[in-house]
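Protein chains in written order, with this note's numbering: chain A, 75 to 506; chain B, 68 to 997.
Ideal Cβ placement from N, Cα and C applies to all residues, glycine included.
Model, not experiment: these values are computed from the prediction.
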């Protein structure tokens, strides 16, 4: 298992060092700094083996987080743990930066003591951790409170505590989708998929049982087979390639009955993640036209077409057109929005605040190039795009979310529910 | 005021100041001081001098302060063992505290203090904590047993902690179960005796599976990992475990998913691969693996390394998912390289166009390693998918035109492999290659180019000049290049002896006299001897036809692959190396064994079965390869060096020798090109000639039959039979003269036939056959004649001529003479082929009244080139799996069932051409009865 965990700043100075096992010595801290952080070349692998010691690292902003081991550990678990560790730190003190880490080093040591025992990850749920790792010094909790804490940390429902009360029972569902696209210059879809997630904010009293219904083909068919008339035919269903659930969802029940049922954590969390590849409605189409007119001039024309209901509005549209390194100047004409050449990023950035459905807009640019003796051809990175649309490009629909709480006297009808769909660009690229 | 300032105090006399602060009366000041101490400790300053002062702060009701002091203790107790004792009392007292958080904290910290005296005091509190009413304390105590075991294993065993730990497996709290499992697994792996301390039985498994549904994500990982070590007693049990595990594939945590994949992959080995259950799991495995690719890059990397294993083991799983492995512009380089690897593995005829256009795109990217790999990948596509080879070659030519140095070098290396795979097809591009001769500065590219020049010396007009230019700096070259240059010049000499004599003498003297590389010297001497004693033989050896290289390149060695599949998700699967290669000490000896279908984890049986294939054949193979100047590394070692660490200039001979000397076959010696098999008929024969080995003649010969009665043959009676002799089909004839006059002037011809049999030499009957006399002749046959399908398939029409007339007759050739000496199929290939051939091509035969044991059958058939691949015992019946390779390359797979006590043998034959099956059956029966 994990033998030690170190946090470094970008210079390679140790901010946190916690050793869990005897086989990891102090020199491991230096070995990683010398061989990875101070290494000349770019990092070639997130796993490094130095003198029979394996180092797993992730780097976020300027901070290096490294786990060390001498054993044949579960590598996926180590990385998942490091990512979780970052999540926990963020929820405690916001951005993970050198400053924040130094300011909270006592807290971090306390957390590390709790969530990793002899290198084995323990309960890492932030909601629960916050009940007893508080940094407010002594808190002489009553015996009942202590027992409650421990039963929650180890409990079967480790993500929710008992006795939560709200005057207004309310829940928010956000269906957030990231559309990923790779398109050839000729407009052929090379690969496209939607990575979606359902984020839920629940403010519900007690220990409510929830049932969640979506328009997945398999789930709908299973329902029909069971003779449930509630599903109206005519509603379109979508084919979900794969989905994953928060640990609160009863996976066995999903497998056998195709039902998503769970007791939700309190507050905000990610209920499920899913992936679809079929019948994706691509909100935008990018049509590039690059023409290298001679050695010192290049003409670029890019058309974007919005492809959704005219009544809807897309926002935060940004098109990024890469330019060669030897660009000396750019002249831009765009029909809509603002466009700028950013020399430091080697790209033309074209921003449009809002755009309705079934519209079209165009930018043309004349790029002047410096004469270079550099023989290597410019490799034309793809044109990328960002946007946000108020619908789910995969066609994902929430059919129902029912809340049952048998002990307290509120019913499904008393819960106020909000559902929102957001489609965003993931990697939305068109080669040119 | 923020805590960050603790990191910046660097005054002199600091320790002294801290000391006084630690002893301060004010609680607040004390706490500040301890924080400062910890900050100094973190940045690596030695603050051990403060030990007694810090320990004094331990007695406090402030939990935060207590934790800091404990942290200090864990770090310095070992260096101050005597003073650490001072802390024992507090620990013991804390273990009795009413607050479960404090009880757990005490037992957790105590286990981390590796001081013998403290360990003694730990036993009592630990025993109590293992039985504590609070699950939080129990789960902490469970891990503490593993800590104690690491410090003092015998103490844990003597004190009965193991039994207590086992009890916890039935605890009501899932997290306690999960931690107990983790502790037991670790103790198992490091146990000195090597015997597992935890015997898993069906009951324990059931408890674990129940806890699996309820515990935290990490607990699920512990449980799944330990389940993957379990050996189910039969297929049913394996199935039911798999059913309960499959829901985990939908978990959001990648580690849970991969650990579930590990269990499924391992248990699937127990089930017949065509069963519905396996097909079902195979379908379910694909989507979660694809989903892992949308996680964070580091997790993606681990997933991709594992997918690489999964795809090699079960190519069905992701066969339709090529697109998801397309490289994204912003992927980190390590993700890109891994994706590329998997793309090649998934490439097939249907998706090759897409793959190629992607690869072409990648070959223009910025990162040098990535571009190189993309270029190699194009070459590998050409080798893998024949239909695409032409497009691949033209793409490579385009890339060579870019003149980017490393692209050109890489392209030349792969083109050499393409030449090997499709000889005489693309040689027209040689001139383009030669244009780039000067830019090559990497040994591998130089060696490849030299090989190409030597191989096609007759088509390159200035081959001698080109090779001579390399010779100038001979001693500065890499040994790989030197060896190649030596061979190439010898080839050139054999092809154009007139004007290259000087050159060859020069290189031979360079290699034998001025070099201290033994490989080079030895090869130089061999060539020298060959050339001086028998140039014709030299020609045959050096210019012999080379076996084609295989399609699938850089596959992991099957036994290693099987072992790694048992380690999915772990570091071993990331490194693609067995744990023993990177883990030190006790746990390294613990080896996970793949399951065998007969239910036992056949650890002992497996190596014994595999030895002859694993060591002897490769070494012989590489020996042949070496003599035939095939010493270029096979594409097997082309994988990124970072991943495999195979030194790229290993000579095959070296690798072969290692294997011969009993080196670990999985240690990463480059796997020799598998396509050659035994090196093909010709080279095996050649080798035999060189080393004076005569292939053992087959000993079964059916009795002679009368083929041409005297009445029809104008007095000539021909009877005969066929047998296999010295690796060839031989026709044994008895010519009897029943006429009144002597017969002479014999000649024999054969009509086109199914196997292309023709006489290897004219029929030689030394003397005229006198009336009423007979003479025996043996006529060796070859199978390179014209082929025409006959009815029945083994029919052979022969014309024989003598001084009287020309006579015609037909005879049936017994099938066994076509069984080639190289018919030993690789186990894995056998399995794959068996699955591949449709069931309707399977034919059953019964051989009645033959009482023989399976071993006797195996030995008997082995002599006739029917090779036993595996033997199994299923429900008391002995099953033999055998393979036959016909000399025309057709494979036939046999399954023989011997029931004890019965005198009947059941024979099942699978072959793509099922007409041949009855003949095989007849031959097998005849061999067995002989």
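Test item: CB-CB of residue i and residue j under 8 angstroms
{"i": "residue 146(A)", "j": "residue 650(B)", "result": "yes"}
{"i": "residue 262(A)", "j": "residue 319(B)", "result": "no"}
{"i": "residue 521(B)", "j": "residue 478(B)", "result": "no"}
{"i": "residue 315(A)", "j": "residue 354(B)", "result": "yes"}
{"i": "residue 162(B)", "j": "residue 173(B)", "result": "yes"}
{"i": "residue 481(B)", "j": "residue 442(B)", "result": "yes"}
{"i": "residue 440(B)", "j": "residue 407(B)", "result": "yes"}
{"i": "residue 405(B)", "j": "residue 157(A)", "result": "no"}
{"i": "residue 458(A)", "j": "residue 419(A)", "result": "no"}
Check: residue i C-beta below 7 angstroms from any heavy atom of the ligand COA
{"i": "residue 130(A)", "result": "Here there are no bound small molecules, and the ligand COA is not part of this structure."}
Min CB distance residue i to chain B below 8 angstroms
{"i": "residue 119(A)", "result": "yes"}
{"i": "residue 354(A)", "result": "no"}
{"i": "residue 171(A)", "result": "no"}
{"i": "residue 399(A)", "result": "no"}
{"i": "residue 142(A)", "result": "no"}
{"i": "residue 381(A)", "result": "no"}
{"i": "residue 421(A)", "result": "no"}
{"i": "residue 326(A)", "result": "yes"}
{"i": "residue 501(A)", "result": "yes"}
{"i": "residue 336(A)", "result": "no"}
Interface partners of residue i on chain B, CB under 8 angstroms
{"i": "residue 180(A)", "result": "70, 102, 105, 131 and 135"}
{"i": "residue 116(A)", "result": "400"}
Opening and closing residue of the beta strand (DSSP E) in which residue i lies
{"i": "residue 507(A)", "result": "Coverage of chain A is limited to positions 75 through 506, which leaves residue 507(A) absent and any answer about it impossible."}
{"i": "residue 945(B)", "result": "944-952"}
{"i": "residue 373(A)", "result": "371-380"}
{"i": "residue 317(A)", "result": "316-319"}
{"i": "residue 254(A)", "result": "244-257"}
Chain A contact residues for residue i, given Cβ-Cβ distances below 9 angstroms
{"i": "residue 393(B)", "result": "256, 264 and 265"}
{"i": "residue 634(B)", "result": "146"}
Proximity test, Cβ basis, 8 angstroms: residue i and chain A
{"i": "residue 407(B)", "result": "no"}
{"i": "residue 74(B)", "result": "yes"}
{"i": "residue 432(B)", "result": "yes"}
{"i": "residue 363(B)", "result": "yes"}
{"i": "residue 1013(B)", "result": "With chain B represented from 68 up to 997, any question about residue 1013(B) goes unanswered, as that position is not in the structure."}
{"i": "residue 207(B)", "result": "yes"}
{"i": "residue 195(B)", "result": "no"}
{"i": "residue 639(B)", "result": "yes"}
Within chain B, the residues that residue i reaches when beta carbons sit closer than 9 angstroms
{"i": "residue 91(A)", "result": "108, 109, 110 and 111"}
{"i": "residue 331(A)", "result": "Correct list: empty, because the minimum Cβ distance to chain B is about 11 angstroms."}
{"i": "residue 347(A)", "result": "319, 358 and 361"}
Residue i: contacting residues in chain A (beta-carbon distance under 8 angstroms)
{"i": "residue 649(B)", "result": "123, 126, 128 and 146"}
Chain-ordered chain B contacts of residue i [CB-CB under 7 angstroms]
{"i": "residue 286(A)", "result": "Those within 7 angstroms of residue 286(A) in chain B number zero; the least Cβ separation is about 14 angstroms."}
Start and end residues, alpha helix (DSSP H) containing residue i
{"i": "residue 501(B)", "result": "497-502"}
{"i": "residue 170(A)", "result": "Looking at the DSSP string, residue 170(A) is not in any alpha helix (DSSP H), and its letter there is neither H nor E."}
{"i": "residue 612(B)", "result": "Per DSSP, residue 612(B) belongs to no alpha helix (DSSP H) and is neither H nor E."}
Neighbour list for residue i in chain A, Cβ cutoff strictly below 7 angstroms
{"i": "residue 284(B)", "result": "321"}
{"i": "residue 321(B)", "result": "150 and 154"}
Looking at chain A, which residues of the segment 148-169 of chain B have a Cβ within less than 8 angstroms of any of its Cβ atoms?
165, 166, 167 and 168
Can you list, in chain order, the residues of the segment 226-247 of chain B whose Cβ is nearer than 8 angstroms to any Cβ on chain A?
240, 241, 242, 243 and 246
Can you pull out the residues from the segment 310-324 of chain A whose beta carbon lies closer than 7 angstroms to at least one beta carbon of chain B?
315, 316, 317, 318, 319, 320 and 321
Mind listing which residues of the segment 335-360 of chain B have their C-beta closer than 8 angstroms to chain A's C-betas, in chain order?
354, 355, 357 and 358
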